[in-house]
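Undergrad:
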Amino acid sequence: MGNSTPKPQLKRWWFTLLVLIVLVGIVGCVPPQSTVVSTTSIDPLQTARQANLPREKIDVTINAEELAKAFEDNQEKATKLYTGKRAEITGVISSMGDVLGQVFITFMPHSDYATSQVQCFFTNPEEIKRVFDTKLIIGKEITIIGKIGEKTINIRVEDCKLK
371 MGNSTPKPQL
381 KRWWFTLLVL
391 IVLVGIVGCV
401 PPQSTVVSTT
411 SIDPLQTARQ
421 ANLPREKIDV
431 TINAEELAKA
441 FEDNQEKATK
451 LYTGKRAEIT
461 GVISSMGDVL
471 GQVFITFMPH
481 SDYATSQVQC
491 FFTNPEEIKR
501 VFDTKLIIGK
511 EITIIGKIGE
521 KTINIRVEDC
531 KLK
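Numbering (this note's numbering), first residue to last: 371 to 533.
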C-alpha cells in the first residue's frame, strides 16, 4: 500500500479542459463591435455646394427590399420596369467594401431566403470620398441615387451617390 498524495487541481487533464471550455464560451458570448468605415464628418461647405446643384431626374423611388423582391418574383418584368432607370433607393446597409478598386454598399435582403441583394457601386472619386468620410455602419438606413443595371447574382446599381 503506497501513500498516494492527491494531484494538484491544475495537473488533472479534465480540469484544464473544463477551464478551456468555459473561456471559449465566455469569448463566444461577447457581442461583436459595429463596423465603422470612418469617423470624419461631411464638409458643410461641400454639402452647401451640392444643395445648389441642379436636381437630377429620378425615374423611380423604391425601397431596396422591394426592388430585390421584384427581380426575384419576376425578373423579366422587373428588368423591363427598372433596368436603365435613375433611382432613389433606400435600404439598410448589409455590407460595405472596396474590392479591386470598386467601392460598394450592399443592402439587406428582403428575407433570410433571398437569392439576391441590391448592390450599389460608387465610381466618382468625390462620391467615394463621401462614402469613406461619412459615418456608415452596418444596420444603418441610407438613401442612394444610382442607375439600376442588370441582375446577375445581385441587382447592380451603377454611378451611385449618397443622398
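We treat Cβ as the ideally placed atom computed from N, Cα and C, and that holds for glycine.
How far does the alpha helix (DSSP H) with glutamine 445 in it extend, from its first residue to its last?
TA: If you number the sequence shown from 1, residue 445 lands on position 75. Residues 445-452.
Undergrad: Excluding the 5 residues preceding and the 5 following glycine 519 in the sequence, name in chain order all residues of the same chain whose CB lies nearer than 6 angstroms to its CB.
TA: Locating residue 519 in the sequence shown gives position 149, counting from the first residue. Only Arg526 and Glu528 meet the Cβ criterion.
Undergrad: Which same chain residues, not among the five before or five after isoleucine 432, have their C-beta less than 7 angstroms away from its C-beta?
TA: Within the sequence shown, numbered from 1, the residue matching residue 432 stands at position 62. Around isoleucine 432: Ala457 and Ile459.
Undergrad: Less than 6 angstroms between C-beta atoms, sequence neighbours within five positions excluded: which residues of the same chain meet that for phenylalanine 492?
TA: Here residue 492 refers to the residue found at position 122 of the sequence shown. Excluding sequence neighbours, phenylalanine 492 sits near Val473, Ile498, Val501 and Cys530.
Undergrad: Give me, in chain order, the residues of the same chain whose beta-carbon lies closer than 7 angstroms to that of lysine 439; leave out the 5 immediate sequence neighbours on both sides.
TA: On the sequence shown, residue 439 is found 69 positions in, with the first residue counted as 1. Correct list, in chain order: His480.
Undergrad: Considering only residues of the stretch 498-524, which uninterrupted beta strand (DSSP E) runs meet the minimum length of 3 residues and lie entirely inside it, listed in chain order?
TA: List check, beta strand (DSSP E) in window: 511-521.
Undergrad: Inspect the beta-carbon positions of isoleucine 515 and glutamate 435 and report whether they are closer than 8 angstroms.
TA: Taking the sequence shown and counting its residues from 1, one reaches residue 515 at position 145. Taking the sequence shown and counting its residues from 1, one reaches residue 435 at position 65. Their beta carbons are not under 8 angstroms apart, which means isoleucine 515 does not touch glutamate 435 by this criterion.
Undergrad: Is lysine 439 helix, strand or coil by DSSP?
TA: In the sequence shown, counting from the first residue as 1, residue 439 sits at position 69. Lysine 439 falls in the helix class under three-state DSSP.
Undergrad: In whole angstroms, what is the alpha-carbon distance linking glycine 471 and threonine 386?
TA: Numbered from its first residue, the sequence shown carries residue 471 at position 101. Numbered from its first residue, the sequence shown carries residue 386 at position 16. Distance between the alpha carbons of glycine 471 and threonine 386 is about 48 angstroms.
Undergrad: For threonine 532, write down the residues that DSSP places opposite it in a beta bridge.
TA: Residue 532 sits at position 162 when you count from the first residue of the sequence shown. The amino acid occupying residue 532 in the given sequence is leucine; threonine does not appear at that position. In DSSP, leucine 532 forms a bridge with Ile514.
Undergrad: Under the rule that 16 or more other beta-carbon atoms within 10 Å means buried, what is isoleucine 475, buried or exposed?
TA: Looking up residue 475 in the sequence shown gives position 105. It counts as buried.
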